[in-house]
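Quick note on the numbering used here: the sequence shown kicks off at 13 and runs consecutively.
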Amino acid sequence: MTVAAEGSPPLRMTRARRNALLQSEPVQGLALISPTFIYALILLVLPILVVIAHSFWTQHYLTIDRTFTLENYRIALTEPIYRDLLWRSLYISLTVSLLTVLLAYPIAYFISFHGGRHKSLWLFLITIPFWTSYLLRVMSWKVILGYNGVLNSGLMGLGIIDEPSTALLYNSSAVIITLTHAWAAFAILPIFVSLEKVDRTLVEAATDLGDGPLRSFLRVTLPLSAPGVISAALIVMIPTVGDYVTPKLVGGKDGVMIANAIQAQFGKASNWPLGAALSVTTMLIVTLMAGATVLIIRALRRLAR
């Protein structure tokens, strides 16, 4: 009893002090801080700390060589691996441009001269496949050209081949087929617009003067639609040189293009100067190639006259 009586007052004092402490303004202010506020504060402060640490590490542990040099351009132009990739990219791009224009011109011609009042419907049907993602269209060609894909299954069903062929996928041919389909609409539309501007009375006049359908097409329709052909060729050729996704998914080791090498330099290799040199070199070569294409087509147009 004596111990309890002697110990009771300190217990009552401890509770009183605790209640007074909890009711104090500083403690109540801390209670208002929610976990969300703490998380937001961390997210705000953490990037600042990361930037400060990166700046400190860069200044004290990295040495940036700012010496002007053309060594990276020499490597880009003379190293066999980059030179071969660049020529392969140009070959694939030119082939895709040629095939796309050859496939797009008859379609555009049919719509323009024989579409009648259904021209808008035909153009609508052409653009429907392009409502889907570019990546999905590339993946669909991967399924079509695969070892157990649609094309191999169809050829086996027709008895043309006895076993699935491995030559349809993971090579430059697969890249060309996929890119030709992917850019078909971008070639059809400018050619169609150019054909729509052809004066039909000129075609009738050529026919009245004794030209047959083929001769009137070569002497009247084709030269007048040459601007659309040039536009279609350039629209297809320039982007396909730097295509990265298609070679990555359906090209394999035999379908790698220069864009994949540039991505590797900016990514895993962390050699940004060489990657920039490869990019600039590719851009300049494509510019020269586009200019040469325009001059060649204009020369052919003059010869056709």
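Positions of the beta carbon are idealized from the N, C-alpha and C atoms, including for glycine.
Residue 97 vs residue 298 beta-carbon contact at 8 Å: As a first step, residue 97 is located in the sequence shown; it is residue number 85 there, counting from the start. As a first step, residue 298 is located in the sequence shown; it is residue number 286 there, counting from the start. No.
Contact under 8 Å by Cβ, residue 155 with residue 252: Taking the sequence shown and counting its residues from 1, the one referred to as residue 155 is at position 143. Taking the sequence shown and counting its residues from 1, the one referred to as residue 252 is at position 240. Taking 8 Å as the Cβ cut-off, residue 155 and residue 252 do not qualify as a contacting pair.
Minimum Cβ-Cβ distance from residue 115 to chain B less than 8 Å: You won't find chain B in this structure, because it holds only one protein chain.
Inter-residue Cα distance where the pair is residue 311 and residue 116: On the sequence shown, position 299 is the one that residue 311 refers to. On the sequence shown, position 104 is the one that residue 116 refers to. Each residue's Cα considered, the two are about 22 Å apart.
Sequence-distant residues of its chain with Cβ nearer than 6 Å to residue 301 (five each side left out): Along the sequence shown, read from residue 1 onward, the residue named residue 301 stands at position 289. Here the set comprises nothing.
Helix, strand or coil at residue 195 [DSSP, three-state]: Numbered from its first residue, the sequence shown carries residue 195 at position 183. In this structure, residue 195 counts as coil in the three-state DSSP scheme.
Check whether residue 241 and residue 195 have beta carbons under 8 Å apart: For this step, residue 241 is matched to residue 229 along the sequence shown. For this step, residue 195 is matched to residue 183 along the sequence shown. Cβ distance not < 8 Å, so residue 241 and residue 195 don't count as in contact.
Beta-carbon spacing of residue 159, residue 266 below 8 Å: Here the question's residue 159 lines up with position 147 in the sequence shown. Here the question's residue 266 lines up with position 254 in the sequence shown. No, they are not a contact pair.
Sequence ranges, alpha helix (DSSP H) only - wholly within the segment 85–154, length at least 4: 92–126 and 131–139
Residue 266 (DSSP reduced to helix, strand or coil): Position 254 of the sequence shown, counting from 1, holds the residue named residue 266. Reduced to three states, the DSSP call for residue 266 is helix.
Reduced DSSP category for residue 1 - H, G, I as helix; E, B as strand; rest coil: This structure cannot speak to residue 1, because the chain is shown only from 13 to 317.
Alpha-carbon spacing of residue 214 relative to residue 89, whole angstroms: Position 202 of the sequence shown holds residue 214. Position 77 of the sequence shown holds residue 89. Answer to the nearest angstrom: the Cα atoms are 49 Å apart.
Within 8 Å, strictly: CB atoms of residue 218 and residue 228: The residue you call residue 218 lines up with position 206 of the sequence shown. The residue you call residue 228 lines up with position 216 of the sequence shown. For residue 218 and residue 228, yes; Cβs fall inside 8 Å.
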